[in-house]
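The block underneath contains the structure these notes are about, expressed in C-alpha cells.
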Amino acid sequence: MTVQMGEVIVLGCGCSKGTPQIGNYWGKCDPTEPKNNRTRPSIAIKKDDTTIVIDTGPDFRTQINRENITKIDAVVYTHTHSDHVACIDELRALYDRTKERMPLYADAASLQDLKSRFSFVFEQSSILYAPVVEPYEITPQTPMNIHGVEMIPFTQDHGLSTSLGFRIGDFGYSTDMINLDDTAINTLKGIKTWVVDCANLYDERIFVHANLKRVLELQEKINAKQLYLTHMKANLDYQTLCRELPAHIRPGFDGLRISVTWD
Ligand SMILES: [Zn+2]
Ligand SMILES: [Zn+2]
33 MTVQMGEVIV LGCGCSKGTP QIGNYWGKCD PTEPKNNRTR PSIAIKKDDT TIVIDTGPDF
93 RTQINRENIT KIDAVVYTHT HSDHVACIDE LRALYDRTKE RMPLYADAAS LQDLKSRFSF
153 VFEQSSILYA PVVEPYEITP QTPMNIHGVE MIPFTQDHGL STSLGFRIGD FGYSTDMINL
213 DDTAINTLKG IKTWVVDCAN LYDERIFVHA NLKRVLELQE KINAKQLYLT HMKANLDYQT
273 LCRELPAHIR PGFDGLRISV TWD
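Residue 33 is where the sequence shown starts when you use our numbering, and the numbers rise one by one after that.
Written out as C-alpha cells, the structure reads:
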C-alpha cells in the first residue's frame, strides 16, 4: 500500500475573540511575541493539488492570503458558532473568478443553520448575486473523500451543543470540544498529531471548551505523539506555555505546519 503525504496548516488557533482582542487587548500574552498573535480557529489541509479549509471564521480572508493559498477546493464546517462561519461570504470572491460553486460540507444541523443565516450564499438572492456553494451533508463516522483527501468526521461534546472533529490520516483535529465519547476516542486512536481545544490551562470552570486537565485525560486514551493546543484564550502566553508544558504538548501558533500521512 502506498503511503500518501500531505500537510495541515494551522490558519488560526485563537479563541472566539482572537488575540489581541479588538481594542488591542493582549491579556497575559506578550505583545512582542509574534506567536501570541492568534486569529480565529481554522486549518487548511493540502494534499497534491488539493486544498481543503475547515471553517471560515472572521479572519478567513486574512488567513488565506497570509498563507498564499490561491485555490480552495472545498470547505468543511465543524459547527456554526460565529467564530467558525462569520466570513462564509468571502467564498463569493472565489466564485466570481471561477464561476464554480464551492463544495461545502457540514452536518445536517449545521447545514440547516447556515442556510437560514446565510441564505444568500446558498440561493440566488437577487439578479446580481448567484449562489456560491454546493452543500453536501456530513454523517458522523462515515468516511469522506474530497478529491482524494480522506477524513473521518466524529461528533464532539461542545457543552451546550455538539461539533465535528476530524481524523485526517495520522492527524486529528478537535477544536471546540469539552469532552469526547468512546466513539470519538476510538476514531482518534493511532494518530500521530492532535490539534486539540484547550481554551485555558487550569480554570476548572469549563462549560464549552476543554482545559488542560481534560486534554490530558483524553490523551491518556488517545496517546497521540504530539499535541498542539488551539482555541487558546488571551491569558495563555506562548513562551510561558512552552516552559510549563511537557515537550509533547506545545501551544499551536498561526502558520504552524504539520505533516500528515495516509496509509
Ligand atoms: Zn470556536
Ligand atoms: Zn464553538
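All C-beta atoms, glycine included, are put in the ideal place defined by N, C-alpha and C. Please read these numbers as outputs of a predicted model, since none were measured by experiment.
Quick one, which of Ser-114, Val-164, Ser-158, Gln-144 has its alpha-carbon nearest Glu-132's? Glu-132 has its Cα closest to that of Val-164, out of Ser-114, Val-164, Ser-158, Gln-144.
With Asp-115 and Arg-149 assumed to form a contact (beta carbons below 8 Å), what rounded beta-carbon distance in angstroms separates them? The beta-carbon distance between Asp-115 and Arg-149, rounded to whole angstroms, is 14 Å. This is too long to meet the 8 Å contact definition.
Taking only the alpha-carbon atoms, compute the straight-line gap between Asn-177 and Asp-295 and give it to the nearest angstrom. The alpha-carbon atoms of Asn-177 and Asp-295 are separated by roughly 14 Å.
Using 6 Å as the cut-off, classify the Cβ of Ser-48 as near or not near the heavy atoms of ligand 1, replying yes or no. The closest heavy atom of ligand 1 lies less than 6 Å from the beta carbon of Ser-48.
Just reading off the alpha helix (DSSP H) that Ile-254 is part of, what are its end residues? Here the alpha helix (DSSP H) through Ile-254 covers 244 to 254.
Can you tell me whether Gln-145 is helix, strand or coil according to DSSP? Gln is not the amino acid found at residue 145; the sequence shown has Asp there. Here Asp-145 carries a helix assignment [DSSP, helix/strand/coil].
Give the straight-line distance between the Cα atoms of Ile-77 and Thr-215, rounded to the nearest whole angstrom. Note on geometry: alpha-carbon atoms of Ile-77 and Thr-215 lie some 23 Å from one another.
Classify Val-117 as helix, strand or coil using the three-state DSSP reduction. In the three-state scheme derived from DSSP, where H, G and I count as helix and E and B as strand, Val-117 is classed as helix.
Distance check for Met-183 and Asn-211, CA to CA, integer angstroms please. About 20 Å.
Quick check: the Cα distance between Glu-249 and Ser-48, rounded to an integer number of angstroms? Their Cα atoms are separated by approximately 24 Å.
If you compare alpha carbons, which of Glu-99, His-190, Asp-128, Asn-97 is closest to Ala-231? Selected option, being the one with the closest Cα: His-190.
Among residues of its own chain, excluding the 5 on either side of Lys-147, which ones have a beta-carbon nearer than 6 Å to its beta-carbon? Excluding sequence neighbours, Lys-147 sits near Phe-154.
Which runs of the beta strand (DSSP E), 3 residues or longer, sit entirely within the segment 64 to 122? Complete beta strand (DSSP E) runs here, min 3: 74 to 79, 82 to 86, 106 to 108.
Those residues which DSSP pairs with Tyr-137 across a bridge: The partner list for Tyr-137 (beta bridge, DSSP) reads Val-108, Tyr-168.
Check: His-113 C-beta below 6 Å from any heavy atom of ligand 1: At least one heavy atom of ligand 1 is found less than 6 Å from the C-beta of His-113.
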